[in-house]
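Respectively, the protein sequence lines represent chains U and H.
For the first sequence, the working numbering begins at 1 and goes up steadily by one.
For the second sequence, the working numbering begins at 417 and goes up steadily by one.
Backbone N, C-alpha and C define an ideal beta-carbon position, used for all residues, glycine too.
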Amino acid sequence: MTTSQTDIESPDAPDVGSSTNLLAQVKRIWQGDSGLLPILIGLAALVIFFEVRTSVFLQPENITNLFVQSTIFILLGMAEIWLLLLGDIDLSLGYATGLGGAVAVILVSNNYRWPWYLALPLALIVTISSSALSAFIVIRFRLPSFIVTLAMFLGLEGVMLYIINAQGTGGSVSVQNNILYNLVNGNLTPLATWIFVVAAAVLTSFLMLRADQTRRKSGLGGRPMWITITKIALLGISSLLLILVFNANRSTFAHVVGMPFAIPIDLFVLAVSTFILAKTKAGRYLYAIGGNTEAARRAGINVNRYRRMAFMLSGLTTGIAGLLYVSRLVGISTGIEGGTYVLYAVAAAVIGGASLYGGRGKMIHAVLGGLVIGTIDNGMSLINLNAATQLIATAIVLLAAVIVDSLARRGSTTTR
Amino acid sequence: MSSAPELPNVSTPPTGPSIAGNSGAEVFDFEHLLSMRDIAKNFGAVQALRHVDIDIPAGQVTALIGDNGAGKSTLIKTISGIWAPSAGQIFWKGKEVHIHTPHAATDLGIATVYQDLALCDNLDIVQNMYLGMEITRFGILDEIQMELTTLKVLSDLSVSTVSSVRQLVGSLSGGQRQAVAVARAVMRDSELVILDEPTAALGVSQTKQVLALIRTLAARGIAVLVISHNLNEVFSVADRIAVMRLGTLVSQGPVANYDTSSAVELITTGESDRVPSTFSSAQ
């Protein structure tokens, strides 16, 4: 990117640094450093709309279902963010997730009877290897990841079809293992739900308060206290609501309560990935490479090494998504729509606030974007709109998100 | 190319015991921080540099001037390890060194700020300053320590125009970006900072800020080598001037030995009657 500067700029720095200034906050939002406010408002608007239209949207059973439904979008979105940060993309994730899931299902099936503790890790190794292969080709031959992963997309679908058909069970294999089945369909007990959510909320609040305190102690000032307090209050309220939702009985025939296992798994992946991106050198370097590859190289960063790492972390996340996918559908069939899933994954990341141009995005963006897609999916089904309308609605949300991304990008460069 | 005058080797080699044919293992008193002797660089049949002798003293600003294609960029890339010279010797603090990689240059204490500045717009000032050399505690980035040091380095350099070191570099003005790039070099304990046309894209007040920053560097004992096309700027900021033409260094010396018209003559013809002959290549 050429940096063109004009001579008419004012010598004074634009006052975007002080976070107390309301105008500065508005400016930050315009420059794409907005945090999560726009997407949270959008999500709230969707929820209100569907609740008004259906009056059952906010029922505990539907909300729980919504979270489980969104899991695949959330995890694939996080997998995609590892690469979007670099300005790369992986189109093969949809079928990589299918292949990983298929490997797990087949190995624990009655044909092979592998124990789950071997089959599940092997499925993850398969998806990591497939991403590593993409990375190798992209780096070794200096090809755009778009094209390489397009080829992988076709190749992985082929491999997946081959191994499923080889089972001789008519194009689908069902889950015949309790552990794999319970990944999504099992629930924590109500007490465990309480403990887990409260512990997670308390830990998060503690970390936020401690970070603030360290800053203040070192004399650097920091965020105004009310921002942190507001965040913690919101966290507390939403945790409480979630506990009540998950612990309400959601079956008319039996007593089904507790948080589905899928949600702690999502949160765990989110926490680890966020830690790597925000707190380690490796994460910092991914942002640097995505922002200015040449600058990163001149700073002594081994660019290819970190690109490989990003691809493999993406593969790992894809594998976890695959396991949850087959668990939720209690099997794998040749009919999996890997193409649609990968597009939803990119959409989730971008709707959430990650940039397609590289260098900007957080893992939480995939979670919120995935929830938006899940909400549209879920709500449209509730008001009996057909697939055609659902696709069009998702398309409009995605377009809105990329336009906002593009405008934010322009906003952040014209101030120079 | 053959029209250029054959150069006698006028400059004296660095002081000290016999240097000729030495492995460069011993260290001796040095007069200049960096000295280059008889440097040549060929790209196939093209001779980009021929018989270049240049001395860069510590604590002074040396301006490298010359027309487009005179070899200025080739020379600084040789110093900063982008490529090795085809022939000749480089002395760093009086000791012969071989700078074959950018890393080797950085290790010696040579930092080059190219025109593109090599900053990441999507990272903030602190993150850019520490890129590639982050401070960590138990593997976790120590943001507080990095921010404190950044604040100190910027205030040492009297860079006061940035309102927050946590603002994204993409939102900074051209002069501020230049300042961040220079501060980055200083923070890496560089003893020689090379600036490639630092003011080329800047307005009047921003240029002033950058020139002031260059003087601050020299006052701190850092050697500065600055490429510039703007002679007014050169005469306002430089202690020494080195003139290149057609791949050779035609003249170098204290700024007092030159004026604008003699500098222009040297740039365009390689000769000037009004420059003391010891420093000029004029025969």
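- Take the alpha-carbon of residue 98 of chain U and the one of residue 338 of chain U: they are about 7 Å apart.
- Per DSSP, the unbroken beta strand (DSSP E) holding residue 507 of chain H starts and ends at 503-508.
- A Cβ-Cβ contact shorter than 7 Å links residue 259 of chain U with residue 193 of chain U.
- H/599 is the residue among H/599, H/447, H/634 whose C-alpha sits nearest the C-alpha of residue 576 of chain H.
- Think of a sphere of 7 Å around the beta carbon of residue 500 of chain H: no beta carbon from chain U falls inside it, the nearest being about 18 Å out.
- In this structure residue 522 of chain H is buried. Its beta-carbon is surrounded by 16 or more other beta-carbon atoms within 10 angstroms.
- Residue 49 of chain U is not bridged by DSSP to any residue.
- For residue 552 of chain H, the neighbours in chain U by C-beta distance under 7 Å run, in chain order, 281.
- Relative to residue 130 of chain U, the option among U/90, U/263, U/249, U/114 whose CA is nearest is U/90.
- Note on residue 214 of chain U: under 16 other CB atoms within 10 angstroms of its CB, so exposed under the neighbour-count rule.
- With respect to the 7 Å criterion, residue 590 of chain H and residue 622 of chain H are classified as neighbours on the basis of their beta carbons.
- Between residue 607 of chain H and chain U, the shortest Cβ-Cβ separation is not below 7 Å.
- Scanning the segment 207-261 of chain U from its first residue to its last, the whole alpha helix (DSSP H) runs of 4-plus residues come out as 225-247.
- Note on residue 627 of chain H: 16 or more other CB atoms within 10 angstroms of its CB, so buried under the neighbour-count rule.
- With its beta carbon less than 7 Å from one in chain U, residue 548 of chain H belongs to the interface.
- Annotation: the continuous beta strand (DSSP E) that includes residue 467 of chain H extends over 462-472.
- Rounded to the nearest whole angstrom, the C-alpha separation of residue 691 of chain H and residue 518 of chain H is 35 Å.
- Residue-level contact by beta carbon holds for residue 534 of chain H and chain U, with a gap shorter than 7 Å.
- Boundaries of the alpha helix (DSSP H) around residue 329 of chain U: 303-329.
- Near chain H, meaning a CB-to-CB distance below 7 Å, the residues of the segment 210-230 of chain U are 214, 215, 218, 220.
- Excluding five sequence positions before and after residue 486 of chain H, the CB atoms of its chain that fall closer than 8 Å to its own CB belong to 660, 661, 662, 663, 683, given in chain order.
- For residue 555 of chain H, the neighbours in chain U by C-beta distance under 7 Å run, in chain order, 280.
- Between the alpha carbons of residue 218 of chain U and residue 120 of chain U lies a gap of roughly 46 Å.
- Relative to the Cα of residue 256 of chain U, the nearest Cα in the group U/247, U/264, U/262, U/263 belongs to U/247.
- Within chain U, the C-beta atoms nearer than 9 Å to that of residue 518 of chain H come from 298, 300, in chain order.
- Measuring C-alpha to C-alpha distances from residue 402 of chain U to each of U/373, U/374, U/371, U/351 identifies U/351 as the nearest.
- Taken in chain order, the complete beta strand (DSSP E) segments of 3 residues or longer contained in the segment 492-551 of chain H are 503-508, 511-513, 526-529.
- The criterion of a C-beta distance shorter than 7 Å is not satisfied by residue 574 of chain H and residue 528 of chain H.
- Around the beta-carbon of residue 115 of chain U, fewer than 16 other beta-carbon atoms lie within 10 Å, marking it exposed.
- Per DSSP, the beta-bridge partners of residue 612 of chain H are H/643.
- Only residues of its own chain outside the window of five on either side were considered, and among them 95, 98, 99, 102 have a CB closer than 7 Å to the CB of residue 160 of chain U, listed in chain order.
- The alpha-carbon of residue 547 of chain H is positioned some 26 Å away from that of residue 490 of chain H.
- Per DSSP, the continuous alpha helix (DSSP H) segment holding residue 60 of chain U begins and ends at 60-84.
- Residue 640 of chain H is positioned such that its CB atom lies closer than 7 Å to that of residue 609 of chain H.
- Within its own chain, the residues whose Cβ lies closer than 8 Å to the Cβ of residue 542 of chain H, once the five positions on either side in sequence are excluded, are 559, 562, 563, 566, 581, 582, listed in chain order.
- Residue state for residue 121 of chain U is assigned as helix, using DSSP reduced to three classes.
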